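Only one structure is covered here, and it is reproduced in the block below.
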Amino acid sequence: MDFLRSLMIAASGLKAQNGRMRVIAENIANSDSTGRTPDEDPYRRKIPTFRSKFDRELNAEVVRLGRIQEDKSDFGIRHDPGHPAADAQGNVRVPNVNTLIETVDIREAQRSYEANLNVINSTRRMLQRTIDILRG
Amino acid sequence: MAISDLSLFQALRTKMHWHQSRQRVLAENVANADTPNYTAHDLKAVTFDDSLKSATAQMVRPAITSTGHMQLQPASAFKNMRDGSFEITPEGNSVVLEEQMMKITANQMDYQAATSLYQRGLGMLKTALGKR
Numbered sequence: 032m033d034f035l036r037s038l039m040i041a042a043s044g045l046k047a048q049n050g051r052m053r054v055i056a057e058n059i060a061n062s063d064s065t066g067r068t069p070d071e072d073p074y075r076r077k078i079p080t081f082r083s084k085f086d087r088e089l090n091a092e093v094v095r096l097g098r099i100q101e102d103k104s105d106f107g108i109r110h111d112p113g114h115p116a117a118d119a120q121g122n123v124r125v126p127n128v129n130t131l132i133e134t135v136d137i138r139e140a141q142r143s144y145e146a147n148l149n150v151i152n153s154t155r156r157m158l159q160r161t162i163d164i165l166r167g
Numbered sequence: 007m008a009i010s011d012l013s014l015f016q017a018l019r020t021k022m023h024w025h026q027s028r029q030r031v032l033a034e035n036v037a038n039a040d041t042p043n044y045t046a047h048d049l050k051a052v053t054f055d056d057s058l059k060s061a062t063a064q065m066v067r068p069a070i071t072s073t074g075h076m077q078l079q080p081a082s083a084f085k086n087m088r089d090g091s092f093e094i095t096p097e098g099n100s101v102v103l104e105e106q107m108m109k110i111t112a113n114q115m116d117y118q119a120a121t122s123l124y125q126r127g128l129g130m131l132k133t134a135l136g137k138r
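So the sequence lines, in the order shown, correspond to chains A and B.
Converting from the first sequence to the working numbering requires adding 31 to each position, the first position being numbered 1.
Converting from the second sequence to the working numbering requires adding 6 to each position, the first position being numbered 1.
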């Protein structure tokens, strides 16, 4: 039945956006996680990726959260001589997380999530109409 | 004679089936709205010519000579086609969410029209039977 398949596909979209939200939350939560010693790296920003996968059971392309990759860009530098992780010049390396970018990413994930919810609602209404035929 | 043998119901059934398949394709598009290199799809509208051709075409069917044989069924009766979208993101995704939302709403409305007609048809049969 195609309707149930539509619901499953939309659910895969919800799940993927959910995972993306989790990664973004991780980034924001760790936006101040520096190392404890000058040699230790601070937190490196993570990037969620998506890939479409052909689901043989559903006979349709569903979406899955792919490998979570790391942002290779340089760490930020803050002058803070009293910090335990400060080097000889008194500089501390801070995570390469930009909260502004993460906030925008959250909004985007939210929109995509809502779009998938819309599909589910619309499919459900169509299904309900089909059942209503029985009532006559 | 089953109800689906009546041409009105048969036509509505095909239409409802088409909208169902289309809903699946649109759900695929929305779910993959953020997947790199994904191209949006849509179902080709069924035209009168197509249905006439398929009705008059000589179908070659394998004969079923044993109980173990399965009946051959086409994978999907409706044609899938690439969506002619005018926007492609730098990562190669051609899904425009707004466009898909509009299509889903239109699909839903058309489906509701078909089910309403189906109900009316059933009501007419009931009237003819004299049951109120």
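Yeah, the Cβ is synthetic: ideal placement off N, Cα and C, and Gly gets one too.
Values in this document were obtained by computation on a predicted structure and should not be read as measured data.
### Task
Check each residue of the segment 34–64 of chain B: if its Cβ is closer than 8 Å to any Cβ of chain A, include it; give the result in chain order.
For the segment 34–64 of chain B, the set of positions with a beta-carbon nearer than 8 Å to some beta-carbon of chain A reads GLU34, VAL36, ALA37, ASN38, ALA39, ASP40, THR41, PRO42 and TYR44 in chain order.
### Query
ALA56 (chain A) touches chain B at which residues, Cβ-Cβ below 8 Å?
Mapped onto the first sequence, residue 56 (chain A) falls at position 25. Here the premise fails: no neighbours, minimum Cβ distance about 17 Å.
### Query
Between the Cα of ASN58 (chain A) and the Cα atoms of A:GLU133, A:SER104 and A:ILE162, which residue gives the shortest distance?
As a first step, residue 58 (chain A) is located in the first sequence; it is residue number 27 there, counting from the start. Selected option, being the one with the closest Cα: A:GLU133.
### Query
Residues of chain A with CB under 8 Å from ILE110 (chain B), in chain order?
Against the second sequence, residue 110 (chain B) aligns to sequence position 104. Under the 8 Å cutoff, chain A gives ASN149, VAL150 and SER153.
### Query
Of all Cβ atoms in chain B, is any one closer than 9 Å to the Cβ of ARG138 (chain A)?
Translated into positions along the first sequence, residue 138 (chain A) becomes position 107. No, ARG138 (chain A) lies away from the interface with chain B (no Cβ there is under 9 Å from its Cβ).
### Top-ranked residue by Cα proximity to ARG98 (chain A), from A:ARG138, A:PRO79, A:ILE40 and A:GLU92
Along the first sequence, read from residue 1 onward, the residue named residue 98 (chain A) stands at position 67. Cα-wise, what sits closest to ARG98 (chain A) is A:PRO79.
### Query
So what does DSSP say about VAL135 (chain A), is it helix, strand or coil?
In the first sequence, the residue the question calls residue 135 (chain A) occupies position 104. If DSSP states are grouped into helix, strand and coil, VAL135 (chain A) belongs with the helices.
### Task
From the DSSP output, read off the bridge partner residues of SER83 (chain A).
For the purposes of this step, residue 83 (chain A) is taken as residue 52 along the first sequence, with counting starting at 1. DSSP, once it has assigned bridges, lists A:VAL94 as partnering SER83 (chain A).
### Query
Roughly how many angstroms separate the alpha carbons of TRP24 (chain B) and VAL93 (chain A), rounded to a whole number?
Locating residue 24 (chain B) in the second sequence gives position 18, counting from the first residue. Locating residue 93 (chain A) in the first sequence gives position 62, counting from the first residue. In this structure, the alpha-carbon of TRP24 (chain B) lies about 20 Å from that of VAL93 (chain A).
### Task
Would you give the residue range spanned by the beta strand (DSSP E) that LEU49 (chain B) belongs to?
Taking the second sequence and counting its residues from 1, the one referred to as residue 49 (chain B) is at position 43. If you look at LEU49 (chain B), you'll find it in the beta strand (DSSP E) that goes 47–49.
### Query
Apart from the five residues just before and just after HIS47 (chain B), which ones in its own chain have a Cβ nearer than 8 Å to its Cβ?
In the second sequence, the residue the question calls residue 47 (chain B) occupies position 41. Around HIS47 (chain B): VAL31, GLU34, ASN35, ASN86, MET87, ARG88 and ASP89.
### Query
Does DSSP put ILE9 (chain B) in a helix, a strand or coil?
As a position in the second sequence, residue 9 (chain B) is number 3, starting the count at 1. Helix.
#### Entry: Contacts that GLY66 (chain A) makes with chain B (C-beta to C-beta distance below 7 Å)
Within the first sequence, residue 66 (chain A) is the residue found at index 35, counting from 1. Contacts between GLY66 (chain A) and chain B, judged by CB atoms closer than 7 Å, are missing: the closest CB pair is about 32 Å apart.
### Query
When you check each C-beta in the segment 107–127 of chain A against every C-beta of chain B, which residues fall closer than 8 Å?
Under the 8 Å Cβ criterion, the segment 107–127 of chain A contributes no residue.
### Contacts around THR68 (chain A), its chain only, beta-carbon distance under 8 Å, and the 5 residues preceding and following it disregarded
In the first sequence, residue 68 (chain A) corresponds to position 37, counting from 1. So the list reads PRO115 and ALA116, once near-sequence residues are dropped.
### Query
For chain B, is any of its Cβ atoms less than 9 Å away from the one on ARG53 (chain A)?
Position 22 of the first sequence, counted from the start, is the residue given in the question as residue 53 (chain A). Interface criterion not met: the Cβ of ARG53 (chain A) is under 9 Å from no Cβ in chain B.
### Among A:ARG76, A:MET52 and A:ARG166, nearest to SER143 (chain A) - alpha-carbon criterion
Indexing the first sequence from 1 puts residue 143 (chain A) at position 112. Of A:ARG76, A:MET52 and A:ARG166, the residue nearest in Cα terms is A:MET52.
### Query
On the three-state DSSP scale, how would you describe ILE108 (chain A)?
Residue numbering aside, residue 108 (chain A) sits at position 77 when the first sequence is read from its first letter. Strand at ILE108 (chain A).
### Query
Which residues share a DSSP beta bridge with ARG124 (chain A)?
Reading the first sequence from its first residue, position 93 is the one you call residue 124 (chain A). Paired residues: A:ILE108.
### Task
Mind checking the segment 81–92 of chain A against chain B and listing, in chain order, the residues whose C-beta falls within less than 7 Å of any C-beta there?
Flagged, chain order: PHE81, ARG82, SER83, ALA91 and GLU92.
### Task
To the nearest angstrom, report how far apart ILE94 (chain B) and ASN43 (chain B) are at their CA atoms.
The residue given as residue 94 (chain B) occupies position 88 in the second sequence. The residue given as residue 43 (chain B) occupies position 37 in the second sequence. Each residue's Cα considered, the two are about 9 Å apart.
### Run of the beta strand (DSSP E) containing MET87 (chain B), from where it starts to where it stops
Position 81 of the second sequence, counted from the start, is the residue given in the question as residue 87 (chain B). That run of the beta strand (DSSP E) goes 86–88.
### Task
Starting from MET107 (chain B), find everything on chain D with Cβ-Cβ shorter than 8 Å and list it in chain order.
Within the model displayed, chain D is absent; protein chains A and B are what it includes.
### Query
Mapping DSSP to helix, strand and coil, what is GLU101 (chain A)?
Locating residue 101 (chain A) in the first sequence gives position 70, where the first residue counts as 1. Under the three-state reduction of DSSP output, GLU101 (chain A) falls in the strand class.
### Message
Helix, strand or coil, according to DSSP, for MET76 (chain B) in the structure here?
### Response
Your numbering for residue 76 (chain B) matches position 70 in the second sequence. In the three-state DSSP reduction, MET76 (chain B) falls in the coil class, being neither helix nor strand.
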